[in-house]
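Protein chains in written order, with the numbering used here: chain A, 292 to 409; chain B, 201 to 312. Every residue, glycine too, gets a C-beta built ideally from N, C-alpha and C. Please read all numbers here as calculations on a predicted model, not as lab measurements.
As structure tokens, then:
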């Protein structure tokens, strides 16, 4: 399978614990995105990497959240001191720069990690 | 206020019937407008993509339309199948911006 993969698929944790999620993008993609999706809503942008550089962080990403992409390949999203409001699906997407002919970039999404904070 | 609004929030249809989903957006102009299909517990998958100047795009039994004057898009599903049960999300991309504006989605349930 050469698509975007995410691990774990599900995570249940107690409030106050730290959790870390991993995303493996499509191998030739240099762009990587993290989103958060709550029930009945569309995904919300969290952060964006181009290669190993984190170029933007949403204000939704409080200081308890940190994302890394140390070698420009896989990425991790860590949530410290989890709160019940962090319960959501965390989606990762990757893309490559759009072709010169169409100028349209396509983001390919992983299956997500569903987090439940008790 | 969200830049992308979808209706209805959910709908139930019988297998073999057609349905149309609506998307109203305030972003203008935009780079492209996509419809994504998201199965329960999975990530979204792109169905159709239209640029600002296009007004229709088909992908099998899925047909998307775009009216830039009224800032509306629709997704028509023809001859629905049980596997069409999913959430359908309208997504607008701003010009010269990698960020996407997502609608909340319409949940479609197809019953035998």
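Residue burial classification, residue i (beta-carbon count within 10 angstroms, cutoff 16)
i, result
"residue 284(B)", "buried"
"residue 232(B)", "buried"
"residue 377(A)", "buried"
"residue 407(A)", "exposed"
"residue 385(A)", "buried"
"residue 344(A)", "exposed"
"residue 301(B)", "buried"
"residue 352(A)", "buried"
"residue 217(B)", "exposed"
"residue 299(B)", "exposed"
"residue 258(B)", "exposed"
"residue 398(A)", "buried"
Whole-number beta carbon distance between residue j and residue i, since they are thought to touch under 8 Å
i, j, result
"residue 243(B)", "residue 401(A)", "5 Å"
"residue 369(A)", "residue 311(A)", "5 Å"
"residue 379(A)", "residue 328(A)", "6 Å"
"residue 294(A)", "residue 317(A)", "7 Å"
"residue 222(B)", "residue 206(B)", "7 Å"
Contacts of residue i in chain A (Cβ-Cβ under 9 Å)
i, result
"residue 260(B)", "Per Cβ cutoff of 9 Å: no residues; residue 260(B) is ~18 Å from chain A at best."
"residue 289(B)", "333, 334"
Where residue i sits in the DSSP three-state scheme
i, result
"residue 330(A)", "coil"
"residue 280(B)", "coil"
"residue 377(A)", "helix"
"residue 315(A)", "strand"
"residue 439(A)", "Since the displayed chain A opens at 292 and closes at 409, residue 439(A) lies outside it and no answer follows."
"residue 384(A)", "strand"
"residue 207(B)", "strand"
"residue 396(A)", "coil"
"residue 298(B)", "coil"
"residue 321(A)", "coil"
"residue 285(B)", "coil"
"residue 362(A)", "coil"
Closer than 7 Å at the beta carbon, the chain B residues around residue i
i, result
"residue 363(A)", "Ordered by position in chain B, no residue passes the 7 Å Cβ test against residue 363(A), which lies about 16 Å from the chain."
"residue 332(A)", "304"
"residue 340(A)", "Neighbours of residue 340(A) on chain B: none; closest Cβ ~11 Å, over 7 Å."
Closer than 8 Å at the beta carbon, the chain A residues around residue i
i, result
"residue 249(B)", "395, 397"
"residue 232(B)", "395"
Identity of the residues DSSP links to residue i by a beta bridge
i, result
"residue 372(A)", "Note: residue 372(A) sits in no beta bridge, so no partner."
"residue 257(B)", "264(B)"
"residue 224(B)", "205(B), 272(B)"
"residue 232(B)", "251(B), 293(B)"
"residue 308(B)", "211(B), 286(B)"
7 Å Cβ cut-off: residues of chain A touching residue i
i, result
"residue 246(B)", "397"
Within chain B, the residues that residue i reaches when beta carbons sit closer than 9 Å
i, result
"residue 312(A)", "Within 9 Å Cβ-Cβ: nothing; residue 312(A) doesn't reach chain B, min ~13 Å."
Partners in chain B for residue i, counting only beta-carbon separations shorter than 8 Å
i, result
"residue 336(A)", "299, 300"
"residue 356(A)", "The premise fails here: residue 356(A) is roughly 17 Å from chain B at the closest Cβ pair, so nothing lies under 8 Å."
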